[in-house]
Structure formats: C-alpha cells, structure tokens
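A.B. asks: The structure is given below, and queries will be raised subsequently.
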Amino acid sequence: MTQSEPNAHRNGAEAAMLNALFSQSPVGLHLLDRELRVVRVNTAAPGMRDVSPQEIVGRRFDEVYGLADADEVLALVRGVLDGGGPVVGHLVRRHGPGDPDREHFNEVSVFRLEAPSGEVLGIAMAVVEVTAREEGRAREVLLEMTREHVGRTLDVLETCQELVDVLVPRVADIAVVEVVDAVLRGDHPPLAPLPPDVPLRRAAFRSTAGGGGTDAGAGADAPQAHPLGDVRALPGPTPYTQALSDLRPRAVASLDEDLPWLAADPARARAIRAAGAHTLITAPLTVRDTVLGLISLYRTRQGEPYDEDDVSLLLQVADHTALSIDNARRYTREHTIAATVQRQLLPRRPSSHPALETTPLLLPPDSGGQWYDTIPLSGARTGLAVGGVVGRGLHAAAVMGQLRTVVRSLAAFDVEPDELLARLNDTATFLAAERATLPTADPLHRQALAARFAYAVYDPLTLTCTVAGAGSPSLVVVHADGSTEVRNVPAGSLLGSEDKTPFAATAFTVPEGSLLILCDTPLPALVASGDADALRRPAERHRGRPLEDLRDDVLYALAGTAEPGPTALLLARTHPFPADRVGVWQLPDTPTVVATARGLVRDRLADWGVERETAHDTELIVSELVTNAVRYGSPPLELRVINDRALTCEVRDGSASTPRLRHASVADEGGRGLFIVAQLAQAWGTRYTPEGKIIWTEQNPPPG
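The following block contains the structure:
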C-alpha cells in the first residue's frame, strides 16, 4: 500500500464522520465563512423544519433566523472571528418563520475555526432549542415575584393592584381583577357557586396601552368595560360567570366576533374590540370553596394564545392572591370590629364645664387600644385621662374598656392621681396574670399586657393641676400670651409591668386662659431645651379660636416631625370660674356656728334662685355636716357652696378621721346624720387634703 492510500482512507473516513455528524447530531450545527455566511447547516438546527438547508446556505446567518437582537448577536460572532475566545451557552431570542408571533429561545456556542497554518477559516456554531426551559424559568420567576410583591399590605385593593402590576406586561397586555364587594368590607365571602346577583367591584386594572411601563396605573386610558370602583353583578352566561360557578378557569384562544357569549355582556365586548384583545384567560379567586373574586387576562400585542401552561401558572398566582386577599379581609373585619368596639367604649363627647373645655385626639384614631376621658369630680374639679394599651385590634379595645371603667370607678372615690395609678396598676397586673394562664396555643399567651396612662386633675377654684403618669407622659402648658411651658411629669412603669416602683404626682399652678396638652407618650416636638417650638406656632394664638381648630393644627404640626408621634392626646382650655357662683366662709369652732352656717347658705341660695325644697334640703345637709365637723373634727373649719353642674356643699376641717355611714337602731339617739345626708344628696364623699379632709355632697343643679 502506498503512502497516499492511508491518507485517502483517512480523509474518506473523516468526511464520512463529518457527514454523519451533520445528519445525525441532535444539536443544530452551523459552519460560517469569514463573511459570516452559512456554508453548511444541519436539519437539527432550530427553525429548519420550515425551510431547507439550500435556502440558507450562502446567506449571512443574521438574515435568515429572525433574531430579536440581531445587532448584538452579530457583534458577538464578529468578536469571536476577530480573535476573541469562544462563547459558550449564550442565550439568543428569535422569531420562527412559521410562527412569527411567538418568541423562541436558543442557547448558542461559538468558536473560531483555524487551519494548521493559523489561517482563519470561519466560525462554527452549535445551537440548542431551550424555549421550553426558558418559558418554565420565566413562569418560576413570575411565581416568585407574585409571592414577593403581592400581599405585602393588609389592604384588599392594594393587593389587587400589586397583582396586575406583576402580570402586565409579563404574561398579559391587559389584566383586570374584580372582587366580591362584601369582601372589601371584611364580610364573609359567599360559597360557590356564586349567585348571579352578587355584585363585584372592579378593584384593579392595568394595560400596556398608552405606555406599557412599570408605573402603577400605566395604560389607565385604555378601553375598559367599567371604571375602577364600579360595582355590579356580572351578566351571563359568559366565561367569567362560568368560572365563578364551577371554580374552573376558562381560556379562550380566539376572541372573534362569532362568539355567542359576547352578546350577553355588551360593555365587555366593546372594550375587548376597542383594545384589540385576541385571547383571554379568566380564573376565580377562591379560598375554601368560597368566592373572593375573578382575574381576567387579555393579550393584544403578544401574539400567541394562552395554553395549558399559562392556565396552570394563573391558577398558582390566583391561589396566592386569594390567600392574601382573604388575610386582608380578615384584618379588615377585625379592624372594623375593634374600631366599632372602641367607639362604643369611648365617651360620646367630652364633658363640658364652665371653667374647662376639652377635645381629644387619638393617633391612630381606630387602632382599638387608645382612649381618653374627662371625668367630672367633686368641687367643680375635672379629671383628664389619656391612655393606650400596647397592641392593636379587638383584644386591645377590650382591655381599654376594662381599664377605662376602673379609672371611672376610682375617680369617683376622689383619690389622688398617684394613688389612682397604683390601684389601676393592680387591676392591670391582675389582667396580665389572667392572660398568662391562657393555653399556650392562644396568641394572647405570648403577648404581655401593658398600657400607658396619664391622669390629671384640674381645680378651677384653686387654679391647680395635679398629674401623674404610667410610662413617659408629657404635659405642655400654653399660656394666654402664647408662651409655652413643658411640665415635668414623673415617669412611671407601664401598667401591668412587674416593676413595683411607686407612682408619683406633681402639682403646679395653671393661670386662667391657659391651654393644656396632655399626652400619654413624649411629644416629638419637645426638644432638649424644654421648648415646644412645633406646638407654639399652632397654639400661640389659641385664645378665641375653637378648640377643634387648635386640635387640627397640633395634628398637622406633629405630622411634620420625623419622630414617632403620640397615640392619645387631650387638649383642655381653662376659663375663669364665675366668682358669683361660689360662696366660701371660715367658721368658728363653736356649737352655735351651725345656725350661722344655715343662715349663710340660706341667703346665698336665695340669691341664686334655688327652689324652696332644694334650699331646705341643702340647709339640712349643711347643718349635719357642720355639726359633725364641730363635734368630731378639729379647726380650722370652712364651709363652701358651689353653683356648678351640681349644687355642691363642702365642709373642711383639720382632722383626718373618716366619717362612717351608720344605720342607727330605733333606740339610738345619734348616728343618723350621714344617713340623712345620703338620703337628701345625689352623691357624697370624703376628699383628703394635706391639711385634713373635706366632706362634700352634690344635689341636682339649680335652674339656670
């Protein structure tokens, strides 16, 4: 055998192997010359089913494959030809000649061919069809985006808008979400099948028309069957009503004029034609066989119709969205119940008083745990209370109601603010201990009970205010001239905490015409110097302005600060107490002083125009109280009558001994004084002072 025969045999074998490679390889193979024209291609190359190799050979590769990014791919191949290294697994998008509306994905590997001499011969390309893989990957990405971006808030409408923002333009050109109207109010959704008369609200809409960007509301001018917020029942039968009936999605491959159901919903048919939609898929939003709403997707620019993979994808998206909407519905329901309970537990309006007007401000106004109160007290005084239970919702509202009731009950005993907080803390500690005994599966078992509280007592006759607080309350006094004073309120532990530190109170003088701002938390407007600059501007001209206007100004001032604001706030403006509606007399410590006291009171009640029967009862009350003060008390003695919201009689003495109501027997000669007082007065009690005690009574207010 000559030397040429083995070479010929080897060359023949190589040629046969090369031919077999091009004819049998499952991977698309391309050979390009230095001008990037196709020299050879096999039938496994993507897109070769609709054309023959002869139609491609001799043409530049970027001219025959419908590349979506032709310039980018051409630059990539030229770079490899001009000396760049090989490129492996580059993703290329193209449109097939037999299906120009559908986008295909190919993975391309490119390397340069060189002769043994180093001469550049051309380019070899291996192309693999990866459309199915990339579409599956895109669906996974969409599902991940749905889980990440849909349901971030506990708001039904916001959740629906988040959904359409994810779907458009990734899988749809138009997306519409309609929700059962009752769901938006937090009511229970209806069971499937959805009755035909149940109204749905158009909750979200998005379209690529007129912009197609990623901004919320893009394409808002696109044709719509009904505007956002429109509430109506769906006419039927249509794919939409059928999906809500049997809870199965519906895919319509072609929205042509011949579809009979379009006549059943003329408004939707007009919108479909105006938008140029050619394919539709609609799926119900369901949770536990209840119907929450409906998702409808349309394609106008994207050419391919929806397939089974799209249906499966939408069902997964709908499941996540339905759970998010149901969570938002449950929150709305609990939020509504808590707000309703709070409104019922709060006072209808602040108590009015000639010497003090008040108005509250709750932030936020419907969280359930914040409260305020103005409590009429003996001696023309008023108790001011603001507080907030840590937490939100129905449980916080319930605890708030319990604590407010206890505050009212304790205030009726005329206890000082610091003592009231101590007794109130006993109740909160008891409630916290009860909560700790709940089963471990109960969510409240892991939530410690705690509350903030501030309580102040204002006396318009002595112009004093005594205040104490649990937590870190604050009190700002704006004087009549506009100057602002920040009072130091002793901070105490939160109600219900294990800290046993005693509560403390502070008292100070409040000039007439001042504005008090009592808050259960530190006001963010308070700076280190002790000024309240943010509050001075809205309050410096408070005289003569309605208190509600001042409350709004304070709210606007607090909203402009970067720090967290208060949760409960009470504004109180002081006024002079009419001097002609008070009578005060210092009495000598003698037995004959009783008759003198009766005469003084009789004359004053006559000046006030008190009716005879009431005046007679008041004389008896004064007689009994002064008699007890002379017999069992100690000097100095003082008698005071006040014509206020009630007709008040007060007798002050220097003894701290407590009077006791007795039920005397028939044979007893004494012990009936306080019993008589209790029968004649609407209310009576004892108030202690540093100098002794005050016995007081209240009767129906006199006419006028």
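Numbering (our numbering), first residue to last: 229 to 932.
Ideal Cβ placement from N, Cα and C applies to all residues, glycine included.
1. Could you compute how far the alpha carbon of V308 sits from the alpha carbon of L508?
2. Hey, quick one: how far does the beta strand (DSSP E) through E926 stretch, first residue to last?
3. Can you tell me whether H416 is helix, strand or coil according to DSSP?
4. Can you look up A583 in the DSSP assignment and give me helix, strand or coil?
5. Beta-carbon separation of D881 and L902 under 8 Å?
6. Mind checking which residues open and close the beta strand (DSSP E) that includes R687?
7. Pairing CB atoms from the region 301-318 with CB atoms from the region 330-345, are three or more of them under 8 Å?
8. Take every Cβ of the region 516-529, pair it with every Cβ of the region 401-417, and state whether three or more of those distances are shorter than 8 Å.
9. Do S606 and T381 have their C-beta atoms closer together than 8 Å?
10. According to DSSP, which residues form a beta bridge with N871?
11. Let me check understanding here. Comparing Cα to Cα, which of I849, P806, D808 lies closest to G827?
12. Which residues in the same chain have their Cβ closer than 6 Å to the Cβ of G811, if we skip the five residues on either side of it in sequence?
13. Could you check which residue in S637, L672, T737 has the C-alpha nearest to that of Y686?
14. According to DSSP, T514 sits in a beta bridge with which residue or residues?
15. Tell whether a beta-carbon distance below 8 Å holds between F731 and D601.
16. Please confirm whether L703 and V695 have their CB atoms less than 8 Å apart.
17. Straight-line CA distance for D299 to V320?
18. Taking 8 Å as the CB-CB limit, is A400 close to chain B?
19. Return helix, strand or coil for F805, following the three-state DSSP convention.
20. Taking the alpha-carbon positions, what's the E585 to Q389 distance?
21. Measuring straight from C-alpha to C-alpha, what distance separates T514 and H454?
22. Touch check for the region 536-545 and the region 473-485: three-plus C-beta pairs under 8 Å?
23. Let me check you understand the geometry: is the CB of V539 closer than 7 Å to at least one non-hydrogen atom of the ligand SAM?
24. Please list, in chain order, all residues of the same chain as P887 whose beta carbon is under 8 Å from its beta carbon, the five residues on each side excluded.
25. Can you find at least 3 beta carbon pairs, one from the region 370-379 and one from the region 542-554, that sit closer than 8 Å?
26. Three or more C-beta pairs closer than 8 Å, one from the region 422-437 and one from the region 454-464: is that the case here?
27. Using a 10 Å radius around the Cβ and a threshold of 16 neighbouring Cβ atoms, would you call E776 buried or exposed?
28. With distances taken from CA atoms, which of L371, D517, A360, V305 is nearest P417?
29. Taking the runs of the beta strand (DSSP E) that are 3 residues or longer, which of them lie wholly in the region 365-423?
30. Count the other CB atoms, across all protein chains shown, that sit within 10 Å of the CB of S725; report buried if there are 16 or more and exposed otherwise.
31. Please go through the same chain and pick out, in chain order, the residues whose beta-carbon is closer than 7 Å to the beta-carbon of P213, but skip the five residues on each side of it.
32. So does the region 555-573 actually touch the region 616-636, counting three or more Cβ pairs closer than 8 Å?
33. Report buried or exposed for A756, applying the criterion of at least 16 other Cβ atoms within 10 angstroms of its Cβ.
34. Which of helix, strand or coil does DSSP assign to T824?
35. Can the beta-carbon of V634 be found closer than 8 Å to that of T655?
36. Which residues bound the beta strand (DSSP E) around S702?
C.D. replies: On the basis of the supplied data:
1. Position 80 of the sequence shown holds residue 308. Position 280 of the sequence shown holds residue 508. Distance between the alpha carbons of V308 and L508: 44 Å.
2. To locate residue 926, count along the sequence shown from 1; it is residue 698. That run of the beta strand (DSSP E) goes 920-927.
3. Looking up residue 416 in the sequence shown gives position 188. Here H416 sits in coil by DSSP.
4. Here residue 583 refers to the residue found at position 355 of the sequence shown. Looking at A583 - three-state DSSP - the assignment turns out to be coil, as it is neither helix nor strand.
5. Counting from one through the sequence shown, the residue named residue 881 turns up at place 653. Counting from one through the sequence shown, the residue named residue 902 turns up at place 674. Result no, Cβ atoms of D881 and L902 do not sit closer than 8 Å.
6. Translated into positions along the sequence shown, residue 687 becomes position 459. It is worth fixing the name first, because residue 687 is Asp in this sequence and not Arg. First-last of the beta strand (DSSP E) with D687: 679-687.
7. yes
8. yes
9. Taking the sequence shown and counting its residues from 1, the one referred to as residue 606 is at position 378. Taking the sequence shown and counting its residues from 1, the one referred to as residue 381 is at position 153. No.
10. Here residue 871 corresponds to residue number 643 of the sequence shown, with the count starting at 1. Partner(s): L875.
11. Reading the sequence shown from its first residue, position 599 is the one you call residue 827. It is I849 whose Cα lies nearest to the Cα of G827.
12. For this step, residue 811 is matched to residue 583 along the sequence shown. Around G811: R832, V869.
13. Position 458 of the sequence shown holds residue 686. The shortest Cα separation from Y686 among S637, L672, T737 belongs to T737.
14. For this step, residue 514 is matched to residue 286 along the sequence shown. DSSP, once it has assigned bridges, lists V519 as partnering T514.
15. What you label residue 731 is simply residue 503 of the sequence shown in a count that begins at 1. What you label residue 601 is simply residue 373 of the sequence shown in a count that begins at 1. No. Outside cutoff.
16. Walking along the sequence shown from the start, residue 703 turns up at place 475. Walking along the sequence shown from the start, residue 695 turns up at place 467. Closer than 8 Å, so yes.
17. Within the sequence shown, the letter at position 71 stands for residue 299. Within the sequence shown, the letter at position 92 stands for residue 320. About 11 Å.
18. Absence of chain B from the displayed structure is noted, only one protein chain being present.
19. Along the sequence shown, read from residue 1 onward, the residue named residue 805 stands at position 577. Residue state, collapsed to three classes: coil.
20. Indexing the sequence shown from 1 puts residue 585 at position 357. Indexing the sequence shown from 1 puts residue 389 at position 161. Looking at the two C-alpha atoms, the distance is approximately 45 Å.
21. Walking along the sequence shown from the start, residue 514 turns up at place 286. Walking along the sequence shown from the start, residue 454 turns up at place 226. Taking the straight line joining both Cα atoms gives about 23 Å.
22. yes
23. You won't find the ligand SAM in this model; it holds no ligand whatsoever.
24. Along the sequence shown, read from residue 1 onward, the residue named residue 887 stands at position 659. Correct list, in chain order: N856, Y860, L902, T914, I923.
25. yes
26. yes
27. If you number the sequence shown from 1, residue 776 lands on position 548. Exposed.
28. The sequence position of residue 417 within the sequence shown is 189, counting from 1. Nearest option by C-alpha distance: D517.
29. 402-408
30. Position 497 of the sequence shown, counted from the start, is the residue given in the question as residue 725. Buried, by the Cβ-count rule.
31. In the structure displayed, the chain extends from 229 to 932; residue 213 sits before or after that span and is not available.
32. yes
33. As a first step, residue 756 is located in the sequence shown; it is residue number 528 there, counting from the start. Unreliable positioning characterises A756 in this predicted model, as indicated by a pLDDT of 35, which lies under 50. A coordinate reading is not provided.
34. The residue given as residue 824 occupies position 596 in the sequence shown. Reduced to three states, the DSSP call for T824 is helix.
35. Translated into positions along the sequence shown, residue 634 becomes position 406. Translated into positions along the sequence shown, residue 655 becomes position 427. Yes.
36. As a working mapping, residue 702 is identified with position 474 in the sequence shown. Run containing S702: 702-706, per the beta strand (DSSP E) assignment.
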